[in-house]
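Residue numbers (my numbering), protein chains in the order written: chain G, 273 to 502; chain X, 4 to 86. Heads up, the beta-carbon is just placed ideally off N, CA and C, and yes, glycines get one too. Reviewing the structure listed below.
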Amino acid sequence: MTVAIIQFGGSNCDNDVLHILQDVLGIKAELVWYKEGKLDGYEAAIIPGGFSYGDYLRSGAIASRTPIMEAVKKLANDGKPVMGICNGFQILTESGLLDGALTTNSYPKFKCEWSYLRVENTNTPFTSMYEKGQVIRIPIAHKDGRYYHDDASLQQLEDNNQVVFRYVDEKGNPSKDVNPNGSLNNIAGITNREGNVLGMMPHPERASETIIGSDDGLLMFKSMVESGRK
Amino acid sequence: MLYEAEVTINLKAGMLDPEGTTIKRALGHLGYNTESVKSTKRYVIEINAESEENARDLVDQMCQKLIANPIIHDYSIDLREIE
């Protein structure tokens with residue numbers, strides 16, 4: 273599997289993702305500049321975190337209208353795994369590949385801290401190696417991470433098992449106290465209906481080596497690579 | 004013809020407005036008792052168009068394609084001819 277890591281002006285977690293895929297997992301991965309109009313030859317794409325276009329307008333809105341996103345949409349529509357982390361999640365919602373919107377944290381400050389997530393759905397290419405209900409420790413770093421959608425659409429997401437990660441406490445219980453940004457239903461990550469497009473605010477690439485405090489995120493990349501082998 | 008459009012982006016009614024809430028609280032600390040504070044964003048766009056209707060239509064397209072997000076925003080367009 274060759275993974276494309278999409279770079280925009282302002283991406284800053286691109287090399288971290290590349291490091292995890294190449295050096296930790298031994299997977300072929302390449303950085304792809306946003307002006308490319310095609311993703312031929314790639315079997316998966318990751319949109320990393322950062323501040324594309326300075327977060328002017330809404331976070332991720334400008335990046336979502338670039339040529340590379342048409343190629344990402346094509347990859348997603350072909351059923352290939354597409355993953356957006358933090359700003360990547362914002363870009364995926366803004367481009368319509370994922371439902372809903374990310375907006376300013378309920379307490380409007382930048383939050384950079386560890387969070388606990390509960391794996392809600394293991395029937396996706398990104399979570400197949402986790403156990404349902406497993407609690408994992410992955411850090412967040414964002415100011416615009418509050419997931420919002422109208423009531424009816426939110427219920428549809430829940431009914432279709434599209435909520436894949438939820439903010440919880442160490443024991444796996446979701447509550448207002450452990451919701452770092454005010455996301456509806458403590459949502460930390462969702463997929464599209466088919467399950468092959470994932471967006472999440474926490475950073476699994478920052479929790480993929482024990483030397484930096486947690487390797488709970490590594491299984492996400494491993495699961496994605498495994499799904500490509502099947 | 005040259006037109007100037009003032010586009011105002013509002014959060015939809017009922018949506019949490021953390022910026023407005025924070026400003027309201029800060030005004031309270033200064034002794035001002037406000038009923039509510041809402042934050043909005045405004046863009047001023049100059050555009051050449053054949054007519055006012057055409058200019059409004061183009062700016063409306065810009066709002067729908069990029070400037071506003073229909074899930075969280077309402078918008079209004081105030082247009083005037085400047086040349």
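- With a threshold of 8 Å between beta carbons, T25/X makes contact with chain G.
- Contact annotation: in the region 321 to 338 of chain G, residues whose CB is within less than 8 Å of a CB in chain X are L329, R330, A333, I334 and R337.
- Each of I340/G, L364/G, P380/G and D449/G was checked against the Cα of Y306/G, and the nearest Cα belongs to I340/G.
- Close CB contacts of K352/G within its chain, under the 7 Å cut and outside five residues either way in sequence, are with E315, A316 and N468 (chain order).
- For N13/X, no CB of chain G lies under 8 Å from its own CB, so it is not counted at the interface with that chain.
- Cβ-Cβ distances below 7 Å link I459/G to Y419, V435 and R438 in the same chain, with the five nearest sequence neighbours on each side left out; the list follows chain order.
- Annotation for T24/X: the continuous alpha helix (DSSP H) segment containing it runs P21 to H32.
- A straight-line Cα-Cα distance of about 14 Å links M401/G and R390/G.
- Under the criterion of beta carbons closer than 8 Å, V344/G and L311/G qualify as touching, at roughly 7 Å.
- Its chain contains I363, E366 and S367 as the residues whose beta carbon lies nearer than 6 Å to that of S336/G, once the 5 sequence neighbours on both sides are disregarded; these appear in chain order.
- Note on the region 379 to 444 of chain G: whole alpha helix (DSSP H) runs with a minimum of 4 residues are 423 to 431, in chain order.
- Here Y325/G carries a helix assignment [DSSP, helix/strand/coil].
- Contact of H421/G with chain X by beta-carbon distance below 9 Å involves I74.
- Its Cα nearest to that of P411/G, the residue W386/G stands out among A424/G, G417/G, W386/G and D423/G.
- In the pairwise beta carbon analysis, the region 10 to 27 of chain X is classified as touching the region 35 to 54 of chain X: at least three pairs are separated by under 8 Å.
- Proximity of N377/G to chain X, defined by a Cβ-Cβ separation below 8 Å, is satisfied.
- Chain-order list of chain G residues neighbouring E22/X: T376 and P380, by C-beta distance under 9 Å.
- Within the DSSP secondary-structure output, A276/G pairs in a beta bridge with E302/G and A317/G.
- With a threshold of 16 other beta carbon atoms within 10 Å, E442/G falls short and is exposed.
- By the criterion of a C-beta distance shorter than 8 Å, G313/G is surrounded in its chain by T274, once the five residues flanking it on both sides are discounted.
- A contact between stretches requires three or more CB pairs, one per stretch, nearer than 8 Å, and the region 296 to 303 of chain G fails this requirement with the region 326 to 334 of chain G.
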